[in-house]
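Protein sequence lines, in the order shown, are assigned to chains Z and F. Under numbering that gives the first Met the number 0, think of the first position of the first sequence as 0, with each following residue one higher. Under numbering that gives the first Met the number 0, think of the first position of the second sequence as 0, with each following residue one higher. Cβ atoms here follow ideal geometry from the backbone N, Cα and C, with glycine treated the same way. Given the structure is predicted, the values throughout are model-derived calculations rather than measurements. Quick notes on the structure that follows.
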Amino acid sequence: MSNNDSIKKYLNQLRKYLSRLEKEEADEVIREIEAHIFDVIEAREQAGEAPNIQEIFNGFGEPKELASKYISHIMVGTPPPEGFRPIQIVKRGVSKTLYYSMLVFGYGISFALIAFALVNLFLPYTLGVWSSASGESIVIGWLPQADLSNGAKVFSGLWLSPVAIVLAAIEFFITHRVLRVLKRHLN
Amino acid sequence: MDKDKQQESKWDAQLRKGTLELAILAALKPRPMYGLELLNNLHSFETMVISEGTLYPLLDRLKRDGLTDASWQQEGDARPRKFYGLTDKGRQKLKVLEARWRQSVADIETLLAAQGQ
Chain Z
0 MSNNDSIKKY LNQLRKYLSR LEKEEADEVI REIEAHIFDV IEAREQAGEA PNIQEIFNGF
60 GEPKELASKY ISHIMVGTPP PEGFRPIQIV KRGVSKTLYY SMLVFGYGIS FALIAFALVN
120 LFLPYTLGVW SSASGESIVI GWLPQADLSN GAKVFSGLWL SPVAIVLAAI EFFITHRVLR
180 VLKRHLN
Chain F
0 MDKDKQQESK WDAQLRKGTL ELAILAALKP RPMYGLELLN NLHSFETMVI SEGTLYPLLD
60 RLKRDGLTDA SWQQEGDARP RKFYGLTDKG RQKLKVLEAR WRQSVADIET LLAAQGQ
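Written out as structure tokens, the structure is:
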């Protein structure tokens, strides 16, 4: 890389890290450092020496590090006032309707699953998901006299009861947690 | 011997942290200078060998604090250079820092003179 290219690269990187400054300020910093670099190169050449561009860069330090010294005054400042939030919470209240809807919905599903598990224990193979032989329709529900003779399939059995109990417990737990949060913000 | 040198440069760096501003204000008092000129000037002193990466951001801060003002000037065929000179505020601050510096030196001299007595 030629000297001019590496100078350009260094200054471009510096400009990138100075982006917190106003453009005029950053331009001024870049211009000053650029002038310094070319002054040093010229002085070396006049003295009959080969300028060591890397040595000059080392004197200034890494672009990121150098830039951080120029922008440190922007980073230092008064901390935001107590209670300041960059994003305002527009509404944190929870209406009673939402709370009780959640309660009925969540616990309702939970109890329905438990009811299913119990009924399934006494009447296995009548509750479940049924699909017809050709697979073009399914039925979810209670078929006391399911006709499986024409090749219809049943997705049912005693094993559904423990599964339903586990699902009911999970649903119960989640509802309980959600309600606890909602209650804290209840108007 | 090497360890002495290490201690010396460590001490210089520590002391400079507090005194560099004073040194720069004093260096700029006779006449405005541009960065490279000021750097070369400082480098002629044994304990003032600072890097470009230290000098330029500091000059930027002194200007922001209103202690110096800067202007681009062109001399002859040379490319424009940014010259820094003291403002009234800078001269005032130099006076204060100078007095404190002399006080510190006097205090330390007294302590050093009193050792072993």
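Between residue i and residue j, which are expected to be in contact by the criterion C-beta below 8 Å, what is the C-beta distance as a whole number of angstroms?
i: residue 82(Z); j: residue 174(Z); result: 32 Å between Cβ atoms; not a contact.
i: residue 54(F); j: residue 34(F); result: 6 Å
i: residue 51(F); j: residue 37(Z); result: That pair is no contact at about 13 Å.
i: residue 42(Z); j: residue 79(F); result: Not confirmed; about 16 Å, so no contact.
i: residue 32(Z); j: residue 14(Z); result: Not quite, the Cβ-Cβ distance comes to about 10 Å (not below 8 Å), so this is no contact.
i: residue 73(Z); j: residue 19(Z); result: 5 Å
i: residue 28(F); j: residue 93(F); result: 6 Å
i: residue 11(Z); j: residue 40(Z); result: Actually they do not touch by this definition, with Cβ atoms about 18 Å apart.
Return the first residue and the last residue of the alpha helix (DSSP H) that residue i is part of.
i: residue 104(Z); result: 95 to 121
i: residue 8(Z); result: 2 to 16
i: residue 160(Z); result: 159 to 183
i: residue 114(F); result: Note, residue 114(F): premise wrong, no alpha helix (DSSP H); not H, not E.
i: residue 34(F); result: 34 to 42
Suppose you measure from the CA of residue i to the CA of residue j; what does that come to, to the nearest Å?
i: residue 121(Z); j: residue 177(Z); result: 33 Å
i: residue 52(Z); j: residue 16(Z); result: 21 Å
i: residue 169(Z); j: residue 156(Z); result: 21 Å
i: residue 26(F); j: residue 4(Z); result: 34 Å
i: residue 167(Z); j: residue 96(Z); result: 23 Å
i: residue 61(F); j: residue 89(F); result: 8 Å
i: residue 179(Z); j: residue 94(Z); result: 14 Å
i: residue 104(F); j: residue 46(Z); result: 40 Å
i: residue 43(F); j: residue 37(F); result: 10 Å
i: residue 102(F); j: residue 20(F); result: 17 Å
i: residue 59(F); j: residue 81(F); result: 11 Å
i: residue 158(Z); j: residue 102(Z); result: 28 Å
i: residue 161(Z); j: residue 135(Z); result: 29 Å
Who are the neighbours of residue i on chain C, taking C-beta pairs under 7 Å?
i: residue 38(Z); result: Given the protein chain composition of this structure (Z and F), no chain C is represented.
Starting from residue i, follow the beta strand (DSSP E) in both directions and report where the run begins and ends.
i: residue 80(F); result: 80 to 85
i: residue 3(F); result: Residue 3(F) -> not in any beta strand (DSSP E); alpha helix (DSSP H) instead, spanning 1 to 27.
i: residue 68(F); result: 67 to 72
Measuring CA to CA, which of the options is closest to residue i?
i: residue 25(Z); options: 61(Z), 70(Z), 44(Z), 80(Z); result: 70(Z)
i: residue 85(F); options: 69(F), 97(F), 46(F); result: 69(F)
i: residue 87(F); options: 98(F), 72(F), 65(F), 77(F); result: 65(F)
Legend entry - Positions along the stretch 5 to 26 of chain F whose CB lies within less than 9 Å of some CB in chain Z: none
Inset, instruction - Determine which residues of the stretch 77 to 95 of chain F have a Cβ less than 9 Å from any Cβ of chain Z, and write them out in chain order. - result: 77, 78, 79, 80, 81
Inset, instruction - Check each residue of the stretch 46 to 59 of chain F: if its Cβ is closer than 7 Å to any Cβ of chain Z, include it; give the result in chain order. - result: So the close ones are 50, 51, 52, 55, 56, 59.
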